[in-house]
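The numbering of the sequence shown is this note's numbering, which starts it at 242 and goes up by one. Heads up, the beta-carbon is just placed ideally off N, CA and C, and yes, glycines get one too. Owing to the predicted nature of the structure, the values given are computational and were not obtained by experimental measurement. A short worksheet on the structure shown next.
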Amino acid sequence: MSEVRTHQLIIPETLAGARLDRALSELLADYSRTLLKTLIEEGRVLVNGATRRPRDPVRAGDEVALEVTLAATGHLAREKVDFEVVHADRDVIVVNKPAGLVVHPGAGNPGRTLVNGLLHRYPKLAELPRAGLIHRLDKDTSGLLVVARTPAAFQTLTSAMAGREIHRRYHAIVNGVMVAGGTVDAAISRDRVHRTRMRVSEGGREAVTHHRVLKRFRAHTYVELTLETGRTHQIRVHMQHIGYPILGDPVYGGRRRLPPAALPELVAMLDAFDRQALHAREIAFEHPRTGEPLAFECALPGDFEAVLEVLEADRVAVPA
């Protein structure tokens with residue numbers, strides 16, 4: 242089953258001067274850059290009413306219209322899935338995704354995903370691409386996600402995400418004792434060998450992460466991270482890049498780190514903690530219809546809190 246989606250977009254200031262295909266890939270994260278480039282070459286993308294080439298630059302305020310034929314999400318199963326709804330109105334939903342829940346069906350995960358659960362609770366989301374999801378979280382990252390409920394809200398929020406108008410703050414536990422906060426400004430691209438992984442690369446897409454120390458332990462640090470961009474695995478890759486990988490990260494985390502003479506409780510806790518200690522704690526944006534400022538925060542999950550408690554107990558029990 243397929244359907245045709247029509248998009249009307251305005252190029253934001255942040256994408257002025259970018260290639261048309263790159264600008265569209267930023268504004269329409271649901272579609273691959275290859276697909277968008279093909280649509281441009283086929284003349285199915287109009288900029289201010291005229292066809293353009295993929296490499297042509299865009300200007301702030303340009304009006305872009307395109308049609309995309311895609312499979313609707315209506316064919317996906319509607320399944321009862323456990324997740325918290327933090328906020329819901331007629332235009333937007335904010336959910337708190339638990340760790341371990343895959344966001345979207347795919348290879349190896351045909352069902353029991355967040356999308357299946359959203360379709361169960363809100364059947365009309367089947368009319369939207371990706372069931373209205375504006376962004377994603379990795380399977381083992383917990384926290385807040387925004388979902389649009391109408392085509393207009395989807396377009397507005399997608400543009401807001403591309404224009405860096407949706408503000409996200411994460412909490413994480415990293416391996417190593419950080420001296421201070423700072424900013425990681427390092428482009429990211431897909432790994433050439435391991436295609437499911439990302440890496441820092443000069444020829445990659447711009448990626449900026451700000452980090453701030455919340456608390457230091459003997460061999461770990463509790464940090465707050467703010468995103469300017471939203472690349473795949475961005476926080477995980479950036480923290481590995483600067484030598485402080487996320488605790489428990491099975492891909493970018495490296496070997497387990499323990500302080501000298503660690504409490505047995507800490508050793509057992511870290512042995513049992515089998516996911517990255519990363520939580521999407523806060524999100525803020527303007528309501529897509531009213532323009533009202535919205536801000537949401539969710540508590541740390543229990544397993545994350547438990548690790549912090551044992552790290553603190555170890556710090557107190559074994560003075561520096």
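Check your understanding: Could you give the C-beta distance for Thr462 and Tyr485, rounded to a whole number, given that I count them as a contact under 8 Å?
Key -> Right, their Cβ atoms sit about 7 Å apart.
Review point. So what does Arg260 bridge to, in DSSP terms?
Key: Answer is Pro298.
Practice item. Indicate the three-state DSSP secondary structure (helix, strand or coil) for Glu304 in the structure shown. Key: DSSP places Glu304 within a strand segment (E or B) once states are collapsed to three.
Check your understanding: How is Gly422 classed by DSSP in three states: helix, strand or coil?
Key -> Reduced to three states, the DSSP call for Gly422 is coil.
Check your understanding: Hey, how far is the Cα of Ala536 from the Cα of Thr450?
Key -> So the alpha carbons of these two residues sit roughly 20 Å apart.
Practice item. Can you tell me the Cβ-Cβ gap for Leu366 and Leu317, rounded? I've got them flagged as a contact below 8 Å. Key: That pair is no contact at about 10 Å.
Review point. Tell me, which residues are paired with Arg431 by DSSP?
Key: According to DSSP, which records beta bridges pairwise, Arg431 is partnered with Met439.
Check your understanding: So which of Arg296, Val305, Thr279, Pro295 has the shortest CA-CA distance to Asn289?
Key -> Among Arg296, Val305, Thr279, Pro295, the Cα nearest to that of Asn289 is on Val305.
Review point. Pairing CB atoms from the segment 513-523 with CB atoms from the segment 405-412, are three or more of them under 8 Å?
Key: A contact exists between the segment 513-523 and the segment 405-412.
Review point. Which word fits Ile251, buried or exposed, when buried means at least 16 other C-beta atoms lie within 10 angstroms of its C-beta?
Key: Counting Cβ neighbours within 10 Å, Ile251 comes out exposed, since fewer than 16 surround it.
Review point. What's the gap between the Cα of Leu307 and the Cα of Glu546?
Key: In a straight line, the C-alpha of Leu307 is about 46 Å away from that of Glu546.
Check your understanding: Can you find a C-beta in chain C that's less than 8 Å from the C-beta of His528?
Key -> In the displayed structure, chain C is absent; only one protein chain is listed.
Review point. Going by Cα to Cα distance, which pick from Gln475, Ala393, Asn350 is closest to Glu368?
Key: Per the C-alpha coordinates, the member of Gln475, Ala393, Asn350 positioned closest to Glu368 is Ala393.
Exercise for review: Alpha carbon to alpha carbon, how far is Ala460 from Phe514? Give it in angstroms, no decimals.
Suggested key: The C-alpha of Phe514 lies about 16 Å from the C-alpha of Ala460.
Review point. What is the residue span of the alpha helix (DSSP H) that Ala329 lies within?
Key: First-last for Ala329: 325-329, but that is the beta strand (DSSP E), not the alpha helix (DSSP H).
Check your understanding: Which two residues bound the contiguous beta strand (DSSP E) that contains Lys380?
Key -> Neither: Lys380 is in no beta strand (DSSP E) and is coded neither H nor E.
Point to revise | Rounded straight-line distance, which links the Cα of Glu538 to that of Gly302 | key: Going by the C-alpha atoms only, they are around 33 Å apart.
Exercise for review: Could you please give me the residues that DSSP links to Phe526 through a beta bridge?
Suggested key: BP columns for Phe526 point to Leu535.
Exercise for review: Quickly, what does DSSP pair Val387 with across the bridge? List them, please.
Suggested key: According to DSSP, Val387 bridges with Val335.
Review point. Going by alpha carbons, who is nearest to His376 out of Gly341, Ala401, Leu549, Leu466?
Key: Here the closest residue by C-alpha is Ala401.
Review point. Relative to the C-alpha of Thr382, which residue among Glu406, Glu550, Arg433, Gln475 is closest?
Key: Of Glu406, Glu550, Arg433, Gln475, the residue nearest in Cα terms is Gln475.
Point to revise | Bridge partners - Thr467, DSSP secondary structure assignment | key: Paired residues: Arg410, His451.
Practice item. Report the option in Lys380, Pro534, Ala448 whose CA atom is closest to the CA atom of Pro491. Key: For the residues Lys380, Pro534, Ala448, the minimum Cα distance to Pro491 belongs to Lys380.
Exercise for review: In the DSSP assignment, find the alpha helix (DSSP H) that holds Leu360 and state where it starts and stops.
Suggested key: Leu360 -> alpha helix (DSSP H) spans 355-362.
Check your understanding: So Val387 packs on Leu378, CB below 8 Å; how close in whole Å?
Key -> Taking a contact as a CB-CB distance under 8 Å, the pair Val387 and Leu378 does not count as one, their CB atoms being some 11 Å apart.
Check your understanding: How do the segment 324-334 and the segment 282-296 stand: do at least 3 beta-carbon pairs fall below 8 Å, yes or no?
Key -> No contact exists between the segment 324-334 and the segment 282-296.
**Study point:** Cα-Cα separation, Ser243 to Asp555
**Key:** Reliability fails at Ser243, whose pLDDT of 44 lies under 50, so the model's placement of it is uncertain and the value that follows must be treated cautiously. Between Ser243 and Asp555, the C-alpha separation is close to 56 Å.
Check your understanding: Val478 to Val441, Cα distance in whole Å?
Key -> When rounded, the distance between both Cα atoms is 7 Å.
Review point. For the beta strand (DSSP E) that Leu269 lies in, which residues bound it at each end?
Key: In the DSSP assignment, Leu269 falls outside any beta strand (DSSP E) and carries neither an H nor an E.
Point to revise | Reduced DSSP category for Met242 - H, G, I as helix; E, B as strand; rest coil | key: With a pLDDT of only 36 at Met242, under 50, the local geometry of the prediction cannot be trusted, and the value read off the model is given with reservation. Coil at Met242, not helix or strand.
Review point. Considering only C-alpha positions, which residue in the set Val418, Ser430, Ile414, Val420 is nearest to Glu550?
Key: The shortest Cα separation from Glu550 among Val418, Ser430, Ile414, Val420 belongs to Ile414.
Practice item. Determine the extent of the alpha helix (DSSP H) in which Val551 is found, giving its start and end residues. Key: Annotation: the continuous alpha helix (DSSP H) that includes Val551 extends over 543-558.
Review point. Assuming Val322 contacts Val336 under a Cβ cut-off of 8 Å, what Cβ separation, rounded to an integer in Å, is found between them?
Key: With a beta-carbon spacing of about 10 Å, Val322 and Val336 fall beyond the 8 Å limit used to define contacts.
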